[in-house]
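Participant: Mind looking over this structure? Questions follow.
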Amino acid sequence: MAKKIVTILLIVLTGISLILHIIKMDCAKNDEMVKNNLIAAHLYDSLSTSIKKPITISQTISVDSFLIDLLNKEEKLSEKAAEKAITDYLTKIRNEFGYMAAFIVSHKTKRYYTPNGISKVMNPMSDPYDVWYKIFVDSGKTYDLDTDRDQTNDYRWVVFINFRITGENGELLGVCGVGVFMDELQTLVSATEKEFGVKINLIDPDGLVQVDSNSANIENAYIHEAIADKAGADDFTYTEKKPGVWRMTRYMADLEWFLVVQHFGDKNKNSAGSSITLTFAFIFLAILLITALIGGKKDKGHHFEKVNLSEDTFTHLPNRNYLKTSFGEMGIFNTTRYKTLVMFDIDKFKIENESKEGDQILLSIVEYTKKIIGENGIMFRWAGDEFVIFYEEELEVAEKQFTELCAMVKENLDVTISVGIAAVNLSKSIKNNYHRAVKLCYEVKIDGGNGVRVEQ
Numbered sequence: 001m002a003k004k005i006v007t008i009l010l011i012v013l014t015g016i017s018l019i020l021h022i023i024k025m026d027c028a029k030n031d032e033m034v035k036n037n038l039i040a041a042h043l044y045d046s047l048s049t050s051i052k053k054p055i056t057i058s059q060t061i062s063v064d065s066f067l068i069d070l071l072n073k074e075e076k077l078s079e080k081a082a083e084k085a086i087t088d089y090l091t092k093i094r095n096e097f098g099y100m101a102a103f104i105v106s107h108k109t110k111r112y113y114t115p116n117g118i119s120k121v122m123n124p125m126s127d128p129y130d131v132w133y134k135i136f137v138d139s140g141k142t143y144d145l146d147t148d149r150d151q152t153n154d155y156r157w158v159v160f161i162n163f164r165i166t167g168e169n170g171e172l173l174g175v176c177g178v179g180v181f182m183d184e185l186q187t188l189v190s191a192t193e194k195e196f197g198v199k200i201n202l203i204d205p206d207g208l209v210q211v212d213s214n215s216a217n218i219e220n221a222y223i224h225e226a227i228a229d230k231a232g233a234d235d236f237t238y239t240e241k242k243p244g245v246w247r248m249t250r251y252m253a254d255l256e257w258f259l260v261v262q263h264f265g266d267k268n269k270n271s272a273g274s275s276i277t278l279t280f281a282f283i284f285l286a287i288l289l290i291t292a293l294i295g296g297k298k299d300k301g302h303h304f305e306k307v308n309l310s311e312d313t314f315t316h317l318p319n320r321n322y323l324k325t326s327f328g329e330m331g332i333f334n335t336t337r338y339k340t341l342v343m344f345d346i347d348k349f350k351i352e353n354e355s356k357e358g359d360q361i362l363l364s365i366v367e368y369t370k371k372i373i374g375e376n377g378i379m380f381r382w383a384g385d386e387f388v389i390f391y392e393e394e395l396e397v398a399e400k401q402f403t404e405l406c407a408m409v410k411e412n413l414d415v416t417i418s419v420g421i422a423a424v425n426l427s428k429s430i431k432n433n434y435h436r437a438v439k440l441c442y443e444v445k446i447d448g449g450n451g452v453r454v455e456q
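Here it is, written out as structure tokens:
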């Protein structure tokens with residue numbers, strides 16, 4: 001009888017242990033998927049910001065009336081005079097935005113202008129590095145992204161944003177743009193890869209790698225299987241090959257590239273077979289298994305809390321993650337209280353940050369802005385030295401108050417800011433309203449900074 005009781009107890013405890021093991025594995029898998037989605041979404045936002053900013057700058061350059069007039073009369077100027085005028089223009093762009101790889105190609109003369117002068121005369125038939133120009137012009141696209149080595153910057157890998165420049169009648173005048181050095185993107189990618197144990201790539205629609213932490217893979221390796229995921233722009237697709245080995249893919253519409261995040265398994269983790277063996281070994285400690293399971297879930301929750309942080313730890317302002325919490329994943333204004341969206345950043349901040357107390361400048365500007373807006377708006381730290389305000393005042397009042405802010409910042413901090421103010425359109429997404437304000441801000445910068453531009 002005693003043997004039967006022992007046998008029954010062993011069977012019951014074994015069953016409990018197996019059930020607990022299955023529950024634990026299932027919970028771990030669910031927690032892992034939640035964490036993976038948070039990591040991927042955070043990375044998507046970071047990369048999108050890193051590349052969308054130069055896209056907006058390039059677009060602003062392409063429609064600048066000063067540049068269009070200059071290209072229209074280029075052939076009437078001497079080569080030296082044209083070179084000086086366009087070089088000075090590009091130097092201003094470089095100094096304002098910090099992009100060393102800024103360029104303008106004249107369609108008439110095929111001159112390739114940089115901040116350092118005329119680098120070359122384009123000839124796609126004789127120089128393989130010039131083929132991109134013909135491909136882009138023939139494509140008919142307004143803009144595209146092109147990963148290439150920059151001949152004017154020691155052949156470093158650069159992601160170029162190429163924008164078409166057209167005249168009043170739609171005729172092609174040239175191509176302009178700025179470039180993001182690959183090592184800047186690699187720094188962001190590498191940090192995330194190391195922190196979360198994943199592999200990150202940006203690939204084109206053919207699966208060709210455009211961004212990779214390993215330069216040897218750029219424009220050389222393919223990830224064809226990610227294209228087969230048929231990912232859209234709204235969310236990530238999740239493909240699991242086996243436990244611990246997965247791939248997440250999402251289309252980045254503005255870039256026309258795909259973001260691919262892959263995990264190839266954790267070598268430090270025990271296999272499923274080993275885990276079951278351990279479960280049997282501790283068959284009489286089922287209660288402790290439950291305790292360990294609960295404790296493990298708490299640890300996981302704490303671990304990815306930092307990914308979803310909605311407050312900037314330096315300025316204590318809400319950040320972009322706050323928007324998802326307050327305004328939903330679609331980013332639509334859910335209130336009519338805000339009349340304007342204001343975006344500003346510090347002029348030449350990379351230069352200023354090296355020569356002055358950059359942190360104190362940021363904190364002081366935050367305090368000045370809070371005094372200006374009072375209780376009539378909410379201020380976000382968007383990225384670095386870039387700030388966004390949802391403001392309850394109309395355009396006229398907002399323009400006056402932020403003009404006062406410009407004067408206050410210059411007088412007290414000896415730096416300047418550029419401000420763009422757009423009227424909130426409730427039928428459009430927050431992103432759409434934001435990009436209109438960004439464009440206005442960059443127009444101020446191109447004109448020399450230290451000012452306010454209001455949507456007409």
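For what it's worth, full-length UniProt numbering labels the leading residue of the sequence shown as 1, then goes sequentially. Just so it is clear, CB atoms sit at the ideal spot from N, CA and C, and this is done for glycine as well.
Excluding sequence positions up to five away, which residues of its chain have a Cβ less than 7 Å from the Cβ of residue 443?
Facilitator: Mapped onto the sequence shown, residue 443 falls at position 443. Answer for residue 443: 60 and 453, listed in chain order.
Participant: Could you name the residues of the same chain whose beta carbon sits closer than 6 Å to that of residue 57, not counting the 5 residues immediately before and after it, in chain order?
Facilitator: As a first step, residue 57 is located in the sequence shown; it is residue number 57 there, counting from the start. Here the set comprises 97, 178 and 442.
Participant: Nearest by alpha-carbon distance to residue 392: which of 333, 386, 449 and 432 is it?
Facilitator: Taking the first residue of the sequence shown as 1, we reach residue 392 at position 392. Ranking the options by Cα distance to residue 392, first place goes to 333.
Participant: To the nearest whole angstrom, what separates the beta carbons of residue 145 and residue 259, a pair I think is in contact under 8 Å?
Facilitator: If you number the sequence shown from 1, residue 145 lands on position 145. If you number the sequence shown from 1, residue 259 lands on position 259. The Cβ separation is near 13 Å, so there is no contact.
Participant: Are residue 455 and residue 413 close, meaning C-beta to C-beta below 9 Å?
Facilitator: Taking the first residue of the sequence shown as 1, we reach residue 455 at position 455. Taking the first residue of the sequence shown as 1, we reach residue 413 at position 413. No, the pair does not count as a contact, with Cβ atoms beyond the cut-off.
Participant: Please classify residue 120: does DSSP put it in a helix, a strand, or coil?
Facilitator: Reading the sequence shown from its first residue, position 120 is the one you call residue 120. Residue 120: strand per DSSP, three-state reduction.
Participant: May I ask you to check if the CB of residue 317 is nearer than 8 Å to at least one heavy atom of the ligand COA?
Facilitator: Among the ligands in the structure shown, none appear at all, so the ligand COA cannot be discussed.
Participant: Going by CA-CA distance only, name the one from 220, 253, 204 and 88 that's closest to residue 67.
Facilitator: As a first step, residue 67 is located in the sequence shown; it is residue number 67 there, counting from the start. Taking only the C-alpha atoms, the option nearest residue 67 is 88.
Participant: Can you check DSSP and say which residues form a bridge with residue 418?
Facilitator: Position 418 of the sequence shown, counting from 1, holds the residue named residue 418. DSSP output for residue 418 lists 345 and 451 as bridge partner(s).
Participant: Let's test the definition: count the other Cβ atoms within 10 Å of the Cβ of residue 440 and tell me whether it reaches 16, buried, or not, exposed.
Facilitator: One-based indexing of the sequence shown puts residue 440 at position 440. Buried, because 16 or more other Cβ atoms sit within 10 Å of the Cβ of residue 440.
Participant: According to DSSP, is residue 262 part of a helix, a strand, or is it coil?
Facilitator: For this step, residue 262 is matched to residue 262 along the sequence shown. Of the three classes helix, strand and coil, the one that applies to residue 262 here is strand, per DSSP.
Participant: Using the DSSP secondary-structure output, state which residues sit across from residue 101 in a beta bridge.
Facilitator: Against the sequence shown, residue 101 aligns to sequence position 101. Per DSSP, 179.
Participant: Taking the beta carbon of residue 248 as the centre, do at least 16 other beta carbons fall within 10 Å, making it buried, or is it exposed?
Facilitator: One-based indexing of the sequence shown puts residue 248 at position 248. Around the CB of residue 248, 16 or more other CB atoms lie within 10 Å, so the residue is classed as buried.
Participant: Alpha carbons only, please: which of 446, 311 and 195 is nearest the one belonging to residue 94?
Facilitator: As a working note, residue 94 is residue 94 in the sequence shown. The residue with the shortest Cα to Cα distance from residue 94 is 446.
Participant: Enumerate in chain order the residues of its own chain whose CB-to-CB distance from residue 436 is below 6 Å, with the five nearest sequence positions on each side excluded.
Facilitator: Looking up residue 436 in the sequence shown gives position 436. If we look at residue 436 and ignore the five residues flanking it on each side, its Cβ neighbours are 422.
Participant: Quick check on the burial criterion: 16 or more other C-beta atoms within 10 angstroms. Buried or exposed for residue 195?
Facilitator: Taking the first residue of the sequence shown as 1, we reach residue 195 at position 195. Its Cβ having fewer than 16 others within 10 Å, residue 195 is exposed.
Participant: Using three-state DSSP, classify residue 210 as helix, strand or coil.
Facilitator: For this step, residue 210 is matched to residue 210 along the sequence shown. It is a strand residue.
Participant: Examine the Cβ distances between the segment 124-133 and the segment 187-206 and report whether three or more of them are shorter than 8 Å.
Facilitator: no
Participant: Is the CB-CB distance between residue 136 and residue 153 below 9 Å?
Facilitator: Numbered from 1 along the sequence shown, position 136 holds the residue referred to as residue 136. Numbered from 1 along the sequence shown, position 153 holds the residue referred to as residue 153. Contact annotation: residue 136 and residue 153 have beta-carbon atoms that are not nearer than 9 Å.
Participant: Below 9 Å between beta carbons: does that hold for residue 251 and residue 231?
Facilitator: Along the sequence shown, one-based indexing puts residue 251 at 251. Along the sequence shown, one-based indexing puts residue 231 at 231. Yes. Within cutoff.
Participant: Relative to the alpha-carbon of residue 159, which residue among 199, 321, 99 and 376 has its alpha-carbon at the smallest distance?
Facilitator: Against the sequence shown, residue 159 aligns to sequence position 159. Considering only alpha carbons, the answer is 99.
Participant: Using only CA atoms, which one of 384, 369 and 386 lies nearest to residue 378?
Facilitator: Indexing the sequence shown from 1 puts residue 378 at position 378. Answer by Cα proximity: 369.
Participant: Per the DSSP calculation, residue 318 is bridged to which residue(s)?
Facilitator: Locating residue 318 in the sequence shown gives position 318, counting from the first residue. Note: residue 318 sits in a beta bridge opposite 311.
Participant: Ignore the nearest five residues each way along the sequence and tell me which others in residue 360's own chain have a CB closer than 6 Å to its CB.
Facilitator: Here residue 360 refers to the residue found at position 360 when the sequence shown is read from its first residue. Closer than 6 Å at the Cβ level, and outside the excluded window around residue 360, lies no residue.
Participant: If you follow the alpha helix (DSSP H) that residue 72 is in, where does it begin and where does it stop?
Facilitator: Within the sequence shown, numbered from 1, the residue matching residue 72 stands at position 72. That run of the alpha helix (DSSP H) goes 65-72.
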